[in-house]
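Numbering (the numbering used here), first residue to last: 1 to 501.
Using N, Cα and C, we set each Cβ at its ideal position, and we do this for glycine too.
All values derive from a computational prediction rather than experimental measurement.
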Ligand code: SF4
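See the structure below:
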């Protein structure tokens, strides 16, 4: 299954939620899919996690509202989940840490087990799924998730989630899934259902109250984020847009009309004046699209306004919205224009009326994206190659041995390494330090890097240190997992599922 349409060319990045994940060039994700660089929003984050500070979290969609909520103590939520198809490993630890971090920063935290997806997309038996579920949840608790404050659920046991999935399914169709995921006539129906279930997962934290929600994911999961943001939008009763005259314009057309409005600088500007201006100054862009609309509107004055579009509202809700708008307004078939509200106030009003009339009022979910970890043997980290990754259940001695046998970014001889320095940026062992072993200690991570590239650090000693730290981490983590067994037993979650296949 491929994301982004089957039209992906040789230079395109393909994102496949169920494929084996790797991304060679993260910058392409910014250009191709509109993922934004995390560095741009980092200064707004009050107390950034070390994975954010070190660039492991490299991208985001719309993280600004989450950063604002943290700074202002406003409600927000975090949700992530795992498909229980194998043992939890150090890659999963990153996601868990990001949930725990947001929980500690005041967010409502949700951790889900994507068991329906594991069964339908990967074909695992329920007995296997149950076993992996228990292992994931023990690591989740051992890594600091607070189950008293947060919610843990299995997709298969959550009726509210499944009801929401059913409703969202009414907004989605097969052609979209085909374009987004490459589904075809052979795709089983449960797999399609598992997609809408994941859409419901992403919006689940907002079922009781709309709030900014962040989903930490790998970039391969971005198709789900785009689809969920779309579906959230489609369920809304009202759309809120800027407008300049009574006709509808798309976002690109609005930019042109705004440019004409700003350039002409006359209180009495008419649509025909804007058309003349655009013909003269922006003929290429304005072309066939906006000019006919402006010509058609002729002498109608151009006046900036905020427009409420009736999308899914009942007649009653639309009437209630009209009544609730203070100040000058104009009511048209299917939309209302308002001249005294700014866009934020209009959004708030639209959501308030929607919630008052039985709608969800969803806020488009945000996401943050982690870099993939390189496998210890070089190439991709893969659950099917045990030496390439470290399971959180690995015996500490095995963890030690795997790190000791890892590929490095070292030179061919100690002499060369002293002269040229190591290639830390290409070294899976250095990744282990930054992603995990250095923990909160930025100074230590920097020291390893500088000593490596400066030629003071040689790979033998560096790996020994990393291997010892890994063994310590595994020992400590596994002790905590054991302590969490009675806590897990007390939780309202069935480890043994009643499903059979
Ligand atoms: Fe990697 Fe350490 Fe060798 Fe540098 S010294 S290349 S960080 S193993």
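Measure the C-alpha to C-alpha separation of residue i and residue j and round it to an integer number of angstroms.
i           : j           : result
residue 429 : residue 443 : 17 Å
residue 21  : residue 359 : Legend: pLDDT at residue 21 = 46, less than 50; position of this residue unreliable, value from coordinates given subsequently. Roughly 37 Å separates the two Cα atoms.
residue 181 : residue 223 : 8 Å
residue 126 : residue 493 : 15 Å
residue 318 : residue 356 : 12 Å
residue 273 : residue 264 : 8 Å
residue 38  : residue 90  : 22 Å
residue 32  : residue 378 : 27 Å
residue 460 : residue 448 : 13 Å
residue 119 : residue 340 : 53 Å
residue 84  : residue 235 : 30 Å
residue 233 : residue 397 : 50 Å
residue 400 : residue 365 : 39 Å
residue 149 : residue 306 : 39 Å
residue 166 : residue 116 : 14 Å
residue 489 : residue 439 : 29 Å
residue 275 : residue 326 : 32 Å
residue 426 : residue 407 : 10 Å
residue 30  : residue 219 : 11 Å
residue 47  : residue 486 : 32 Å
residue 457 : residue 464 : 12 Å
residue 27  : residue 190 : 34 Å
residue 351 : residue 35  : 26 Å
residue 349 : residue 323 : 11 Å
residue 266 : residue 250 : 24 Å
residue 188 : residue 123 : 11 Å
residue 416 : residue 63  : 44 Å
residue 334 : residue 172 : 23 Å
In its own chain, which residues sit with a C-beta less than 8 Å from the C-beta of residue i, not counting the 5 before and 5 after it?
i           : result
residue 192 : 174, 177, 183
residue 76  : 65, 66, 69, 70, 102, 106, 107, 108, 211, 212, 213, 214
residue 92  : 82, 136, 139, 392
residue 420 : 411, 455
residue 9   : With a pLDDT of 36 at residue 9, under the threshold of 50, the predicted position of this residue should be treated as unreliable, though the coordinate-derived value follows. So no residue of the chain qualifies.
Hey, residue i and residue j are a contact pair by Cβ (cut 8 Å); roughly how many whole angstroms apart?
i           : j           : result
residue 58  : residue 109 : That pair is no contact at about 22 Å.
residue 152 : residue 137 : 7 Å
residue 510 : residue 362 : Since the displayed the chain opens at 1 and closes at 501, residue 510 lies outside it and no answer follows.
residue 242 : residue 343 : 7 Å
residue 162 : residue 133 : Actually they do not touch by this definition, with Cβ atoms about 17 Å apart.
residue 278 : residue 252 : Not quite, the Cβ-Cβ distance comes to about 12 Å (not below 8 Å), so this is no contact.
residue 303 : residue 244 : 7 Å
residue 130 : residue 495 : 6 Å
residue 97  : residue 51  : 7 Å
Short check: CB of residue i to CB of residue j, under 8 Å?
i           : j           : result
residue 369 : residue 217 : yes
residue 199 : residue 61  : no
residue 269 : residue 292 : no
residue 321 : residue 308 : yes
residue 99  : residue 111 : yes
residue 394 : residue 474 : yes
residue 382 : residue 375 : yes
residue 54  : residue 424 : no
residue 78  : residue 371 : no
residue 247 : residue 297 : yes
residue 156 : residue 497 : yes
residue 435 : residue 373 : yes
residue 160 : residue 207 : yes
residue 387 : residue 405 : yes
Taking 8 Å as the CB-CB cut-off, is residue i touching chain C?
i           : result
residue 186 : No chain C is part of this structure, which consists of one protein chain only.
Identify, in the order they occur along the chain, each residue of the same chain with its Cβ nearer than 7 Å to the Cβ of residue i, setting aside the five sequence neighbours on each side.
i           : result
residue 239 : 309, 311
residue 466 : 403, 429, 432, 433, 437
residue 480 : 142
residue 314 : 357
residue 285 : 256
Tell me which same chain residues have a C-beta within less than 6 Å of the C-beta of residue i, skipping the five on either side of it?
i           : result
residue 95  : 80, 216
residue 422 : 409, 410, 452
residue 290 : 253, 256
residue 44  : 67
residue 330 : 337
residue 147 : 491
residue 346 : 240, 306
residue 354 : 237, 361
For residue i, verify whether its CB is less than 7 Å away from any heavy atom of the ligand NAP.
i           : result
residue 437 : This structure lacks the ligand NAP; the ligands present are the ligand SF4.
Go through the stretch 321 to 408 residue by residue and report every complete run of the beta strand (DSSP E) that reaches 3 residues or more, in order.
-> Taking only runs of at least 3 residues, the beta strand (DSSP E) segments lying wholly in the stretch 321 to 408 are 329 to 332, 335 to 338, 366 to 370.
Unbroken beta strand (DSSP E) runs of length 3 or more, entirely within the stretch 61 to 141: which are they?
-> Taking 3 residues as the shortest admissible run, the stretch 61 to 141 contains the following complete beta strand (DSSP E) segments, listed from N- to C-terminal end: 77 to 82, 108 to 113.
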